[in-house]
Amino acid sequence: MTQAQTQFIELLRSGLWGTPADTSLFQGEVDWKSILRTAKEQTVQVIVADGIETLPTELWPPKELMFKLMAIRIKTKQMHLRLNSALIKITQTLQQAGIPSTLLKGQGVAHNYRLPESRMCGDIDLYVGKENFEKASDVICTLNPTQTKEEIEDNALHRHFDIDDVTLELHQKASSSANKRQSRLFDAWTKANLDSHFSDSTLPVIDFTQTPAQTPDCHPTSTPIQTPSANYNAVFILHHAARHMITEGIGLRQICDWTMFLDKHHADIDQEQLKADLSKFHMEAIWKEFGILAVNLLGLDSQHLPLAPARLTSNKTEKILEQILAYGNFGQYDKKGRSSKETNLLKRKWRSLWVQTRHFRKNARLFPRFTLSYAAGWYPDALSRLFRRK
Numbered sequence: 008m009t010q011a012q013t014q015f016i017e018l019l020r021s022g023l024w025g026t027p028a029d030t031s032l033f034q035g036e037v038d039w040k041s042i043l044r045t046a047k048e049q050t051v052q053v054i055v056a057d058g059i060e061t062l063p064t065e066l067w068p069p070k071e072l073m074f075k076l077m078a079i080r081i082k083t084k085q086m087h088l089r090l091n092s093a094l095i096k097i098t099q100t101l102q103q104a105g106i107p108s109t110l111l112k113g114q115g116v117a118h119n120y121r122l123p124e125s126r127m128c129g130d131i132d133l134y135v136g137k138e139n140f141e142k143a144s145d146v147i148c149t150l151n152p153t154q155t156k157e158e159i160e161d162n163a164l165h166r167h168f169d170i171d172d173v174t175l176e177l178h179q180k181a182s183s184s185a186n187k188r189q190s191r192l193f194d195a196w197t198k199a200n201l202d203s204h205f206s207d208s209t210l211p212v213i214d215f216t217q218t219p220a221q222t223p224d225c226h227p228t229s230t231p232i233q234t235p236s237a238n239y240n241a242v243f244i245l246h247h248a249a250r251h252m253i254t255e256g257i258g259l260r261q262i263c264d265w266t267m268f269l270d271k272h273h274a275d276i277d278q279e280q281l282k283a284d285l286s287k288f289h290m291e292a293i294w295k296e297f298g299i300l301a302v303n304l305l306g307l308d309s310q311h312l313p314l315a316p317a318r319l320t321s322n323k324t325e326k327i328l329e330q331i332l333a334y335g336n337f338g339q340y341d342k343k344g345r346s347s348k349e350t351n352l353l354k355r356k357w358r359s360l361w362v363q364t365r366h367f368r369k370n371a372r373l374f375p376r377f378t379l380s381y382a383a384g385w386y387p388d389a390l391s392r393l394f395r396r397k
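End of the sequence shown = 397 in this note's numbering, gap-free, step of one.
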């Protein structure tokens with residue numbers, strides 16, 4: 008890592024845990040623009056700002072950069088309030104229609120952080136399952152009369168809706184794989200862990216608070232919203248990150264999400280069941296490598312890593328981190344993988360095939376079983392699409 012990247016990691020770790028950053032790393036000239044650019048690319052700006060505030064004020068960035076960070080912090084907090092308000096409205100509307108739902112990722116994961124409002128947020132992911140998907144879509148449309156439900160393929164993960172300036176992804180499937188067998192296994196696993204518990208109220212809940220301004224009687228009220236079990240989330244959050252890593256890239260926020268989840272819920276995880284689930288989805292190497300990253304880079308207590316390897320070192324750590332820092336959040340900063348301006352459809356498809364092959368090749372060295380399993384399902388469909396007109 009460069010000096011600026013080392014300083015960035017120190018501030019990120021400090022912001023995650025609320026521990027003082029090492030002041031010796033910030034003596035003399037500091038390339039704050041580079042540090043904050045990396046924070047933006049990794050979608051952890053507010054957490055890094057939390058880390059900066061543990062330094063003596065004389066070591067802080069210039070005022071104009073601090074003002075920008077404070078503006079981002081305010082905007083992020085406002086977005087959390089907007090998302091939580093919309094989430095409460097949506098889940099209550101679904102409940103009134105007799106449709107149970109489970110919150111995936113996002114706002115549910117944020118509750119594992121020391122400061123939930125410091126996690127950069129995006130949209131709402133709500134799982135209703137295949138059986139209730141069409142009915143739930145119709146109910147959601149009543150919250151925005153200007154919107155109709157779009158047509159989607161049978162195996163699509165979700166539909167997008169805009170509710171109160173917030174994007175809702177309504178899921179009929181929690182995740183997927185290009186490998187059809189793996190996708191079927193994941194669907195069955197989700198049904199057993201989520202759908203089968205919709206009616207028995209045994210899944211954990213998070214209480215989301217409505218502020219006085221949001222309630223008619225001007226008193227704060229809490230709304231319990233269902234979330235997956237600890238065993239499900241331990242695999243699901245990591246699977247989501249791994250799937251994106253081998254296809255486009257991820258930022259450190261995805262690793263932070265999993266790290267903070269483990270820190271808070273490690274004691275709730277059945278390790279024998281976890282071991283079986285990781286084997287089923289070819290994720291043993293991913294668990295090991297990301298676990299080492301979470302402990303050595305982000306500061307997770309090694310006792311809070313279930314199935315921790317005997318040695319918390321790996322010759323793959325540097326390559327994984329190098330790829331994460333280079334590609335950024337969902338591969339947005341991968342210069343070689345950016346969308347081409349090529350107007351010829353066939354040439355664009357060949358470029359897309361080349362970019363994806365590059366990702367598979369890199370990750371096959373890191374996570375061979377998971378990557379090759381996914382690639383084996385992806386290539387037949389990709390090659391058949393290559394010569395289609397659309």
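Ideal placement from N, C-alpha and C gives every residue a C-beta, glycine not left out.
Return the CA-CA distance between Ser359 and Asp341, expressed in angstroms with no decimal places. 13 Å
Residues bridged to Thr230 (per DSSP): Phe215
For Ser125, collect the residues of the same chain with a Cβ closer than 6 Å to its Cβ; drop the 5 residues on either side in sequence, then sort them by chain order. Contacts found: Val53, Ile54 and Asp57.
In or out: Trp361 buried (at least 16 other Cβ within 10 Å) or exposed? exposed
Between Ala382 and the rest of its own chain, which residues show a CB-CB distance below 6 Å, the 5 nearest in sequence each way excluded? These residues qualify, in order along the chain: Phe367.
Is the region 111 to 124 in contact with the region 240 to 250, if contact means three or more CB pairs nearer than 8 Å? Result yes; three or more Cβ-Cβ pairs closer than 8 Å.
When you compare the CB positions of Ile244 and Phe268, do they come within less than 7 Å of one another, or not? yes
Going by other Cβ atoms of all chains shown within 10 Å of its Cβ, with 16 needed for buried, is Pro235 buried or exposed? buried
Reducing DSSP to helix, strand and coil, say where Asp29 ends up. coil
Return the CA-CA distance between Asp130 and Ser108, expressed in angstroms with no decimal places. 16 Å
Alpha carbon to alpha carbon, how far is Arg392 from Met8? Give it in angstroms, no decimals. Distance from the CA atom of Met8 to the CA atom of Arg392, rounded to whole angstroms, is 40 Å.
Length of the line joining the Cα atoms of Lys180 and Glu141: 13 Å
For His246, which of Lys323, Asp277, Phe33 and Phe297 has the nearest alpha-carbon? Phe297
Give me, in chain order, the residues of the same chain whose beta-carbon lies closer than 7 Å to that of Arg166; leave out the 5 immediate sequence neighbours on both sides. Ser144, Lys156, Glu157, Ile159 and Leu177
Residue burial classification, Ile81 (beta-carbon count within 10 angstroms, cutoff 16): Exposed, by the Cβ-count rule.
To the nearest angstrom, report how far apart Thr324 and Thr216 are at their CA atoms. 39 Å
Going by DSSP, what residue range makes up the alpha helix (DSSP H) through Ile253? Taken as a continuous stretch (DSSP letters only), the alpha helix (DSSP H) holding Ile253 covers Ala237 to Thr254.
On the CB-based measure, 16 or more other CB atoms within 10 Å of its CB, does Gln85 come out buried or exposed? exposed
Opposite Leu133 in the DSSP bridges: which residues? Leu110 and Leu177
Sequence-distant residues of its chain with Cβ nearer than 7 Å to Leu62 (five each side left out): Ala28, Thr30 and Phe33
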